[in-house]
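2 protein chains.
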Amino acid sequence: MKQNGSDNKLISGRLETAGVIPTAQRIAIYRYLLCEANHPTAEEIKTWADKNFPKLSLATVYNTLNVLIEANLLKEVKVPHEAKILYDSNISYHHHFLDEDSGELVDIPSELVEVTSTLAKEFQVHDIQVLMRGKRQKTRTQH
Amino acid sequence: MKQNGSDNKLISGRLETAGVIPTAQRIAIYRYLLCEANHPTAEEIKTWADKNFPKLSLATVYNTLNVLIEANLLKEVKVPHEAKILYDSNISYHHHFLDEDSGELVDIPSELVEVTSTLAKEFQVHDIQVLMRGKRQKTRTQH
DNA sequence: ATGATTGCAAATGATTTGCATCATA
DNA sequence: TATGATGCAAATCATTTGCAATCAT
């Protein structure tokens, strides 16, 4: 319920800075991506919108996502054996851990992963993305 | 033109070892993946088959690819902003470099990339895949 | 008024599936 | 001749697109 005016200004300001006209739909979707969702699919965004922002069409979800990607406010993530695209509102350099049990994708700060490569100098690397797959140990209950 | 009997035995032996009935179509597709292609799409395999193995249907291409994946003879690779799945017949631990110019995906031996992570111990990592994106410098012509 | 966004429905395109046919042990 | 693979066509499903209606400036 933090859908108040100041939040809107913050979100719409970011959109404007990125050159995106801040419409109500775009603000709603971008806020959801930034504040509530964790690597959602387009479908999850649509489901959320059906509850919280009636009459936002699936086409607009996809259009908005692509506008945000174009504007460098969003990145898409494709995971092997998952049909749907995941959207990541964290655009700073980071990596991912995929929980094999839940399918959940977790952000891993880049400081926690050191990558050292010794490729032939013909390979000019601009970006590195590390995807770690595994299981998340249940946290033991205190007693 | 190395489509000779001994090759077939080698390929079909590997299929059998992995529990896959080595049919002519599967041998052809797997040989193509192992010896000729570099991370092809299903469509590329079909195009190749149309020239070299007439009457191999697209459904069989997909069925075979999925059988090979099930049998751990193949891995699928999904690259952001590319619609089609790439298939990787190199199943040993390695990484990838994606050439932004050509779209080509290049295998990088794991020895050339050192990954050190310091995640909380609740994260049990089973696999790490590193995708490096960048450009491949044109090799200067000798003179 | 104008230019951009939205929403609907139809289109697209990659992959999957149902089922009849075919091959092989 | 029985089990499973193949091939065709139809189905599926995520995503995209065309276009008319709508919104904001």
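Protein sequence lines correspond, in order, to chains G and U. Quick note on the numbering used here: the first sequence kicks off at 3 and runs consecutively. Quick note on the numbering used here: the second sequence kicks off at 3 and runs consecutively. Ideal Cβ positions, reconstructed from N, Cα and C, are used throughout, including at glycine.
Interface with chain U (7 Å Cβ-Cβ cutoff): ILE93(G) is excluded. When beta bridges are read from the DSSP output, ILE110(U) appears opposite HIS97(U).
The straight-line gap separating the alpha-carbon atoms of ALA73(U) and THR19(U) is approximately 10 Å. DSSP links ASP52(U) through a beta bridge to no other residue.
According to the DSSP secondary-structure assignment, GLN27(G) is paired through a beta bridge with no residue. By alpha-carbon distance to HIS41(U), the top candidate from LEU76(U), ASP103(U), SER14(U) and ALA26(U) is LEU76(U). Neighbourhood of THR120(G) in chain U, by CB distance below 7 Å: LEU114, in chain order. Within the segment 123-134 of chain G, those residues whose Cβ lies closer than 9 Å to any Cβ of chain U are, in chain order, LYS123, GLU124, PHE125, GLN126, VAL127, HIS128, ASP129, ILE130, GLN131, VAL132, LEU133 and MET134. By the Cβ criterion, the segment 58-66 of chain U is in contact with the segment 27-36 of chain U, since at least three pairs of Cβ atoms, one from each stretch, lie closer than 8 Å. Judged by DSSP in its simplified three-state form, GLU116(G) adopts strand. Shown here, ASP103(G) sits in coil according to DSSP, grouped into three states, outside any helix or strand. One Cα belongs to ILE110(G), the other to ASP9(U), and the distance between them is close to 45 Å.
DSSP places ILE71(U) in the uninterrupted alpha helix (DSSP H) bounded by 60-72.
In the three-state reduction of the DSSP assignment, LYS80(U) falls in the coil class. Around the beta carbon of LEU60(U), fewer than 16 other beta carbons sit within 10 angstroms, so the residue counts as exposed. At a cut-off of 7 Å between C-beta atoms, GLY105(U) does not count as an interface residue with respect to chain G.
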